[in-house]
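Comments concern the structure below.
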C-alpha cells in the first residue's frame, strides 16, 4: 500500500468514526426521541457510503472520462435506496417518523458534503 492510499484510507476511516460519533451523540443527547433508529442501521449506511466513496475514487483512475456520469448515477441510486429506507421508517414507526427522517437526512447531507469534498480533493491531486 503506497503512502497516498494509506492516508486516504485513514481519512475515510476517521470520517466514518466521526460520523458514527456524531450519530451516537445525536441519538443520545440531542434527539432522545430517536430511540427507534438503531445503531446497526447507521453502521451499515455509513459502511455502504464509505465503500461507495472508495469505489468512486478508484473508478476515477480507471475511467476518468466517465467519472461524472458514474457519480451522478451513484447519487441517484443512493437517493432511491435511502428514500426507500425512509419510507420503511415512516411506515414502521409513524409516531417518530418526522424525527427519524430528519435525522437520517441530516446525516446524509453531512456525508454528501464529505464525499464531494474528498472527491474534489482527489481529482485536484490527480491532475497535478
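In this note's numbering, the protein residues as written are 37 to 164. Beta carbons are placed, not taken as given, at the ideal position from N, Cα and C, and that holds for glycine. Only a predicted model underlies this, so the values are computations on that prediction, with no experimental measurement involved.
In terms of Cα proximity to residue 57, the closest of 158, 143, 137 is 143. Contact check for residue 125 and residue 113: beta-carbon distance about 19 Å, past the 8 Å limit, so the pair fails to qualify.
Cβ atoms of residue 146 and residue 55 come within 8 Å of each other, at about 7 Å. Of the residues assessed, residue 139 falls on the buried side of the cut-off, its CB having 16 or more other CB atoms within 10 angstroms. Residue 111 sits away from residue 158, with the two beta carbons spaced by 8 Å or more. The beta carbon of residue 61 sits closer than 7 Å to none of the beta carbons in its chain outside the five residues before and after it.
Assigned with DSSP and collapsed to three states, residue 164 falls in coil, not helix or strand.
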